[in-house]
Amino acid sequence: MTSNPPTLQSVEDEDAKGDMEEDDRTIKDCIAPPRFPLAHNKLYRDDGSIDLEVLGEHLNAEGRLSLDDAFALIKSATAVYKAEPNLLRLRDPITVCGDIHGQFFDLLRLMEAGGDPAETQYLFLGDYVDRGCFSTECVFFLCAHKITYSDSFFQIRGNHECRHLTSFFNFKDECLYKYNLELYDAVMDMFDCLPISATINGKFLCCHGGLSPDISTLDDILEIDRFQEVPREGPFCDLLWADPVDDEKADADGGDYEDEDELMDAEPTTWFAYNETRQCSYVFGIDAVTTFLKKNNLTAIIRAHEAQFDGYKMQMINEQTQIPRVITIFSAPNYCDVYKNKGACLKFDDELLNIRQFVSSPHPYYLPNFMDVFTWSLPFVAEKVTDMLYSILSYENPDAADDESGSAGGKVVIPQKSRGVLKGKVVAVTKLMRMYKVLKENQNNIIRLKQLSPNGQIPHGVLSGGAKEIEKVIANFNSAKEADKVHEAMPGMAGKAKGKGAQAKKKIFFTKQAAMDEAAKASEADGAPKGKPQRRRKMTITKEDAPPPSKPLYGAKKPKPQ
Ligand SMILES: [Mn+2]
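If you read the sequence shown in numbering that gives the first Met the number 0, its first letter stands for residue 0, the second for the next number, and so on.
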């Protein structure tokens with residue numbers, strides 16, 4: 000029945016109702032989200048195709064889908080992903096995008112910067128969900144595009160597309176908040192079907208994380224059984240989790256080891272070493288990269304997975320050709336609302352590689368971890384309650400006024416037994432008052448910090464550092480990244496892999512044919528005749544700001560009717 004309170008059932012006459020509601024709002028500028036899920040006959044055109052524009056506008060207005068339509072979208076997209084191979088073989092022109100992380104309003108901006116999907120081929124490198132509060136919107140929008148443009152719109156899997164991370168971070172909570180557990184499970188089953196890598200023109204390998212010592216040829220990728228939860232180790236894990244050695248860091252301290260005694264015998268990682276930051280998988284160095292590229296006749300690796308201030312990073316640049324061997328692309332601007340970074344996408348066209356950068360777009364506000372306003376207001380309420388309690392207690396106890404310091408020491412006057420009990424209570428309440436005062440005064444910053452934190456945990460030592468420390472942490476990209484570092488790791492792995500880490504510091508080569516590769520390299524260096532001289536590859540890299548958005552962004556006022 001349409002007279003019931005809003006539910007996830009489609010309602011045909013939503014517009015009439017929506018308009019009525021809007022007029023009732025106290026703040027007229029604040030546009031009400033659609034009260035009812037998008038009607039089935041509006042989501043689909045008469046010919047059965049999805050109306051992507053209507054879907055985009057509805058999600059942009061914070062609208063939801065009916066459960067039936069949501070499940071249907073997920074199911075159709077699952078079938079399309081499932082039919083694709085582990086390794087997609089794509090040709091340019093194509094736009095390549097990095098992490099999205101639930102930033103739906105930035106995804107809309109990205110897809111405008113990257114080109115109209117009706118005419119532009121797309122490849123997304125994973126991490127569609129978690130962190131941001133609009134992951135379900137991202138999933139539906141991307142699925143709808145996959146169904147509509149199956150042969151030109153591609154997505155591969157990121158490390159967040161799994162049950163383990165989405166439960167630890169906020170995607171599962173978001174599904175439960177906006178839809179239900181069955182929908183979450185359907186999305187997880189869909190993620191199990193996503194392809195895990197791609198090549199462009201047979202020259203660029205694209206994956207979310209990077210290389211693996213268990214993958215020495217592209218054929219090794221084809222052997223992986225990808226239809227499962229992402230494992231915690233092995234080639235599948237590495238493709239989604241590995242990072243290139245940070246060359247700046249490597250130059251600074253000759254390796255990425257923290258202890259001093261480790262530093263003594265540390266060499267820069269040129270092959271593979273244990274990935275301390277992620278607490279799983281590896282970091283891969285220059286020798287691993289050049290060996291892999293050469294063996295597979297590739298130019299570069301294009302990956303995502305790490306936030307970048309400019310939205311991209313070029314690493315391990317070939318001195319002769321000036322072509323980077325590793326390109327990182329990151330498409331979530333102002334990541335987690337605190338990094339202040341740009342987002343970017345790569346537009347490949349023949350020998351031209353154009354980087355388009357864009358800044359973040361406004362989006363609706365959610366309290367962290369979908370907290371409700373009552374929970375949020377607790378520090379304020381609690382402060383008032385302790386305030387009242389204090390007044391009542393100190394009315395009975397004239398000494399209380401002298402005890403503002405809250406310390407039980409100082410001048411000792413032996414009180415009567417009952418007075419002593421009362422005094423203890425006043426002291427306790429005073430302490431409580433002071434705590435709530437700190438909490439209240441720093442409420443805004445703590446909440447922004449908590450936004451970085453799944454399970455509401457705040458990075459160690461920050462709270463005790465007081466207001467200044469909190470402000471410092473959320474002030475800029477580097478400190479936000481540092482505070483957020485703990486969340487780059489595989490949850491539940493902290494400390495567990497230490498032994499493995501110590502082992503992995505030694506050189507790890509590709510397990511397959513590593514010795515042969517080494518030998519070949521050595522004989523080449525001896526001046527053994529090479530084959531035909533290599534054709535010098537040309538590649539021009541350009542960078543530009545994306546043109547300004549053509550559509551009004553979220554929160555823009557509707558033009559007043561004449
Ligand atoms: Mn990632």
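Every residue gets a Cβ at the ideal spot worked out from N, C-alpha and C, and that includes glycine.
Keep in mind that this is a model prediction, so the values were computed, not measured.
query, result
"If you draw a straight line from the alpha carbon of Asp349 to that of Pro92, how long is it in whole angstroms?", "7 Å"
"On the DSSP bridge assignment, give the partners of Gly342 in chain order.", "Phe357"
"Can Asn158 be considered in contact with ligand 1, in the sense that its beta carbon sits closer than 6 Å to one or more heavy atoms?", "yes"
"Can you give me the C-alpha to C-alpha distance between Pro551 and Gly310, rounded to a whole angstrom?", "23 Å"
"Does the beta-carbon of His100, which I'm using as the reference point, lie nearer than 6 Å to any heavy atom of ligand 1?", "no"
"Is the beta carbon of Asp126 within less than 6 Å of some heavy atom of ligand 1?", "yes"
"Once DSSP output is grouped into helix, strand and coil, what is the label at Ser166?", "helix"
"Does the Cβ of His304 lie closer than 6 Å to at least one heavy atom of ligand 1?", "yes"
"Three-state secondary structure (DSSP) at Phe190?", "helix"
"Answer yes if the segment 466-481 comes into contact with the segment 325-338, meaning at least three C-beta pairs across the two stretches below 8 Å, and no otherwise.", "yes"
"Among Glu275, Thr298, Gln278, Thr268, which residue has its Cα nearest to the Cα of Ile285?", "Thr268"
"Using a Cβ-Cβ cut-off of 6 Å (strictly less than) and excluding sequence neighbours within five positions of His362, which residues of its own chain qualify?", "Phe104, Tyr553"
"Going by DSSP, name the residue or residues bridged to Cys205.", "Ala197, Ile301"
"Quick one: what does DSSP say Cys161 is sitting in, helix, strand or coil?", "coil"
"With a CB to CB cut of under 6 Å and the five nearest residues on each side skipped, what residues in its chain are close to Val79?", "Lys145, Ser149"
"Determine the burial state of Tyr229: buried for a count of at least 16 other Cβ atoms within 10 Å of its Cβ, exposed for fewer.", "Residue 229 is actually Val in this sequence, not Tyr. With 16 or more other Cβ atoms within 10 Å, it is buried."
"Given Ile469, which residues of its chain have a CB within under 8 Å of its CB, disregarding the five upstream and five downstream residues?", "Asn441, Asn444, Ile445, Leu448, Val461, Leu462"
"Tell whether a beta-carbon distance below 7 Å holds between Leu221 and Asn85.", "yes"
"Should Leu37 be labelled buried (16 or more other beta-carbon atoms within 10 Å of its own) or exposed?", "buried"
"Provide the residue span of the alpha helix (DSSP H) that contains Ala82, from first to last.", "66-82"
"For the alpha helix (DSSP H) containing Cys132, list its first residue and its last residue.", "Note, Cys132: premise wrong, no alpha helix (DSSP H); not H, not E."
"Measuring CB to CB, does Gln120 end up less than 7 Å from Ser151?", "yes"
"What does the Cβ neighbour count give for Glu136, buried or exposed, with the cut at 16 atoms within 10 Å?", "buried"
"At which residues does the beta strand (DSSP E) containing Val282 begin and terminate?", "281-283"
"Between Val288 and the rest of its own chain, which residues show a CB-CB distance below 8 Å, the 5 nearest in sequence each way excluded?", "Leu210, Pro243, Ile300, Met315, Arg324, Val325"
"Thinking C-alpha only, which one of Gln307, Lys430, Tyr281, Val425 is nearest Phe508?", "Tyr281"
"Taking the straight line between their C-alpha atoms, what separation do you get for Gly208 and Gly55?", "29 Å"
"With distance defined between alpha-carbon atoms, name the residue in Lys467, Phe140, Thr385, Leu366 nearest to Ala427.", "Thr385"
"In or out: Tyr394 buried (at least 16 other Cβ within 10 Å) or exposed?", "exposed"
"Please name the residue in Phe133, Phe369, Thr429, Ser360 whose C-alpha comes closest to that of Ile391.", "Thr429"
"Could you compute how far the alpha carbon of Arg24 sits from the alpha carbon of Phe226?", "48 Å"
"Contact check, Ile195 vs Arg156 under 8 Å by CB: the rounded distance?", "5 Å"
"Quickly, what does DSSP pair Arg88 with across the bridge? List them, please.", "Thr198"
"On the criterion of 16 or more Cβ atoms from any shown chain inside 10 Å, does Phe379 qualify as buried, or is it exposed?", "exposed"
"Would you mind sorting Glu403 into buried or exposed? The rule is 16 or more other CB atoms within 10 Å of its CB.", "Because Glu403 sits at a pLDDT of 47, beneath the cut-off of 50, its placement in the model cannot be relied upon, and the point is left open."
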